[in-house]
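**Student:** Below are the structure tokens for one structure; questions will follow.
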Amino acid sequence: MEPSIFEDWYLLFSGLFFVSWLVSFLAFTIFSGRYLEKMMAKEQQSIPSWDSGVGMRYGMYAMVLVFNKAAVRSPIDDAAVLKYARPIDRFLAIWTMDSFIFFLVLAFLD
Numbered sequence: 127m128e129p130s131i132f133e134d135w136y137l138l139f140s141g142l143f144f145v146s147w148l149v150s151f152l153a154f155t156i157f158s159g160r161y162l163e164k165m166m167a168k169e170q171q172s173i174p175s176w177d178s179g180v181g182m183r184y185g186m187y188a189m190v191l192v193f194n195k196a197a198v199r200s201p202i203d204d205a206a207v208l209k210y211a212r213p214i215d216r217f218l219a220i221w222t223m224d225s226f227i228f229f230l231v232l233a234f235l236d
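Going by this note's numbering, the residue at position 23 of the sequence shown is 149; the numbering climbs one at a time, nothing skipped.
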């Protein structure tokens, strides 16, 4: 049976959002994550000890920047992330989170 046009577009958009999420997460990690951690290191604030190379803190940095609100309890220093964030960091965080959410929605529709 030949796939329908809907299936072709569905696969195309799923792939595009996946690639967009990969590129945006890489850009956020390199440009924003390193900058935020460098600025926090100047204030003698260390990166979370529980994240030893996995990179989960970058997703948390992005969530803090998207919601623009410091949580009462958080494994990262939300106030420092908001303090040192630049406009480009917020843009990359929104791009990362939106790409991931759209990819997940399309992945679970299948």
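No residue lacks a Cβ here, since even glycine has one placed at the ideal position from N, Cα and C.
1) Please go through the same chain and pick out, in chain order, the residues whose beta-carbon is closer than 8 Å to the beta-carbon of A210, but skip the five residues on each side of it.
2) Kindly indicate which three-state DSSP category S150 falls into: helix, strand or coil?
3) Once you ignore the five residues that flank V149 on each side, which residues in its own chain have a CB closer than 7 Å to its CB?
4) Among L232, A233, T222, F234, which residue has its Cα nearest to the Cα of S146?
5) At the level of alpha carbons, what is the spacing between V190 and I131?
6) Could you tell me the boundaries of the alpha helix (DSSP H) in which F157 lies?
**Tutor:** According to the structure shown:
1) Position 84 of the sequence shown holds residue 210. Correcting the residue type first, residue 210 is Tyr in the shown sequence and not Ala. Y161, L162, M165, M166, listed in sequence order.
2) As a first step, residue 150 must be located in the sequence shown, where it is residue number 24. S150 falls in the helix class under three-state DSSP.
3) By 1-based counting over the sequence shown, the position of residue 149 is 23. So the list is empty, once near-sequence residues are dropped.
4) By one-based count along the sequence shown, residue 146 stands at place 20. That would be T222, whose Cα lies nearest to the Cα of S146.
5) One-based indexing of the sequence shown puts residue 190 at position 64. One-based indexing of the sequence shown puts residue 131 at position 5. Each residue's Cα considered, the two are about 39 Å apart.
6) By one-based count along the sequence shown, residue 157 stands at place 31. Per DSSP, F157 belongs to no alpha helix (DSSP H) and is neither H nor E.
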